[in-house]
Amino acid sequence: MSCGEHHDVDCSEILQRVYVFIDNELEDASSDEIRTHLEECAPCLDQYDLERCIKKLVHRSCGDDQAPDALRAKILLRLTEVRVETTPTD
Ligand SMILES: [Zn+2]
1 MSCGEHHDVD CSEILQRVYV FIDNELEDAS SDEIRTHLEE CAPCLDQYDL ERCIKKLVHR
61 SCGDDQAPDA LRAKILLRLT EVRVETTPTD
């Protein structure tokens with residue numbers, strides 16, 4: 001395990017499944033695992049919020065669940081820029 005002593009699950013593992021989690025396509029057990037992890041892991045929660053945000057934006061501009069990769073990448077880049085600008089110094 002790379003980060004955090006209190007985590008049962010590796011962050012990268014969670015983040016890989018967060019996309020599926022947002023789509024509500026996970027089994028209940030896996031969803032619980034992710035939800036629990038997000039509650040105690042701020043970086044993963046951040047990423048989760050970001051993904052949800054992208055999904056909403058993409059949905060609004062395309063009216064479709066499946067956005068072209070290029071558009072998705074563009075939105076992600078934009079959001080990352082915004083996040084970098086607004087990230088508070090801890
Ligand atoms: Zn995490």
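Numbered according to the UniProt record's numbering, the sequence shown spans residues 1 to 90. Each residue gets a CB set at the ideal place from its N, CA and C atoms; glycine is no exception.
As the crow flies, the alpha-carbon of Asp69 is around 25 Å from that of Ile34.
Apart from the 5 residues on each side of it in sequence, Cys53 sits with its Cβ closer than 7 Å to the Cβ of Leu79 in its chain, given in chain order.
Shown here, Pro43 sits in a helix according to DSSP, grouped into three states. Ile22 has its Cβ no nearer than 8 Å to any heavy atom of ligand 1.
Taking a cut-off of 5 Å from the heavy atoms of ligand 1, the residues with a C-beta inside it are Cys11, Cys41 and Cys44. The DSSP assignment places complete alpha helix (DSSP H) segments of no fewer than 4 residues inside the UniProt domain "Putative zinc-finger" (11–44) at 11–22 and 28–40, in order along the chain. Ile14 and Lys56 have their C-alpha atoms spaced approximately 21 Å apart.
Residue burial is scored here from C-beta neighbours: Leu77 has fewer than 16 other C-beta atoms within 10 angstroms and is therefore classed as exposed. Taking Val58 as reference, the option from Leu45, Asp46, Pro43 and Ile75 with the minimal CA-CA separation is Ile75.
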